[in-house]
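Protein chains in written order, with our numbering: chain A, 72 to 223; chain B, 72 to 223. Just so you know, even glycine gets a beta-carbon here, dropped at the ideal spot from N, CA and C. Remember, predicted model here, so these are calculated numbers, not experimental data.
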DNA sequence: TGACTCATGTCAGTATTCTGACATAGATTC
DNA sequence: GAATCTATGTCAGAATACTGACATGAGTCA
């Protein structure tokens, strides 16, 4: 079907491989979250709030790797459906601290179990050493990409 | 601003780190492709065609990690603007082999240089060993995620 | 040959995310 | 204190990608 012998260096590109891995992860997460009626961004938002209660819209956006406008529309839907609460007025500045409701916490529980199974599956074929290597290498890539190439 | 001391295990999740790395890579690529008026999917399509001339719509979609419907609208735009050509009738079956035009090839050249700089930047802080480790580990993750957990 | 399955190309509508823009609150600088 | 800068929340429109659906061509099997 493909692999027709041409020296395809997409197969030797770390960027392409990273995109492939990310795509596979996203697909696997969507697959297990779909039965729960939850998208990946939806889940990310709830998980962030469970681990750091009181995060603002902008902080949630950065944590979920979307724009604050995108997170805003998601939060409005989550608030309307009773998964999170935000004060009507900001305690300080314009920042509205968001918190999970009991309903949000319950909804998250099932999702966490589902997502953890994906994480476990992803780590399945890796040794302890490979896992810590993976962390170190991914962090190195992130750092290099963020701070431009004038770091040295 | 954050990091308020709560034991945040998102920081210990390989899935989260993978998403973070992928997001950083995408942002870096968009940054260098924007001046050329080219999106990441747009570039991926042209690069795939340069390395494997004659790929079909569906094959390009799989290679760029989008649906074949999404790739179809992109190909129609690229064809309209003279970057690629497809025969009016399928030589065999329904498959329409796509090829770059000279204009498409020219457009790709600049983009390739730009994207290569991102790839180089990403590999900057890594040793040879770490690079080959990165390949092996990412492939392992992809394999585990794809084939379900009943591989063993 | 005929029924069935599968992959493909494509149209349409929907969903999700982004960019642009604005007003406002806190921090910084003079 | 006033000006400036930065960050935030939010609205609106545009871009992008997806799901659903359909017809068609090729391979498989009886």
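- DSSP places residue 171 of chain A within a strand segment (E or B) once states are collapsed to three.
- Inter-residue distance for residue 112 of chain B and residue 182 of chain B is about 12 Å (C-alpha atoms, whole angstroms).
- Residue 109 of chain A is outside the set of residues whose beta carbon lies under 8 Å from a beta carbon in chain B.
- Short of 6 Å from the beta carbon of residue 133 of chain B, and not among the five residues preceding or following it, lies no beta carbon of its own chain.
- Across the set A:114, A:197, A:212, A:158, the C-alpha of A:114 shows the shortest separation from the C-alpha of residue 142 of chain A.
- Between residue 122 of chain A and chain B, the shortest Cβ-Cβ separation is below 8 Å.
- Counting C-beta atoms within 10 angstroms of its own C-beta, residue 192 of chain B has 16 or more neighbours from the protein chains shown and is therefore classed as buried.
- Look at the beta carbons and you see the region 205-217 of chain A touching the region 95-105 of chain B: at least three pairs across the two are nearer than 8 Å.
- Your pair residue 81 of chain A and residue 180 of chain B does not check out as a contact, with CB atoms roughly 16 Å apart and the cut at 8 Å.
- Of all residues in the region 203-221 of chain A, only 204, 205, 206, 207, 208, 209, 210, 211, 212, 213, 214, 215, 216, 217, 219, 220 come within less than 9 Å of chain B when Cβ atoms are compared, listed by chain position.
- Residues of the same chain with a CB within less than 7 Å of the CB of residue 194 of chain A, apart from the 5 flanking positions on each side, are 202 in chain order.
- A Cβ-Cβ separation of about 15 Å leaves residue 172 of chain A out of contact with residue 126 of chain A under the 8 Å criterion.
- Membership of residue 206 of chain A in the alpha helix (DSSP H) is indicated by the continuous run 199-217.
- Only 84, 85, 86, 88, 89, 90, 91, 92, 93, 94, 95, 96, 99 from the region 84-116 of chain A bring a Cβ to less than 7 Å from some Cβ of chain B.
- Less than 8 Å separates the beta-carbon of residue 131 of chain A from that of residue 116 of chain A.
- Using a Cβ-Cβ cut-off of 8 Å, residue 132 of chain B does not count as an interface residue toward chain A, since no Cβ of chain A sits closer than that to its own.
- Among the bridge pairs identified by DSSP, residue 156 of chain A is matched with A:170.
- Counting the other Cβ atoms within 10 Å of the Cβ of residue 153 of chain B gives fewer than 16, which makes it exposed.
- Residues 112, 115, 116, 119, 142 of the same chain have their beta carbon placed closer than 7 Å to that of residue 135 of chain A, with the five preceding and five following residues left out of the count.
- As DSSP reads the structure, residue 163 of chain B sits in a beta bridge with B:166.
- Residue contact with chain B for residue 182 of chain A: absent (no Cβ-Cβ distance below 8 Å to any residue of chain B).
- According to the DSSP assignment, residue 137 of chain B belongs to no alpha helix (DSSP H), since it is labelled neither H nor E.
- At a cut-off of 8 Å between beta carbons, residue 179 of chain B makes no contact with chain A.
- DSSP, reduced to helix, strand and coil, places residue 95 of chain B within a helical segment of the structure shown.
- The DSSP-derived three-state label of residue 124 of chain A is coil.
- The beta carbons of residue 206 of chain A and residue 88 of chain B sit closer together than 8 Å.
- Taking the Cα of residue 185 of chain B as reference, the smallest distance to any Cα among B:151, B:129, B:107 is reached at B:107.
- Among the residues of chain B, those whose CB is under 8 Å from the CB of residue 189 of chain A are 86, 216, following chain order.
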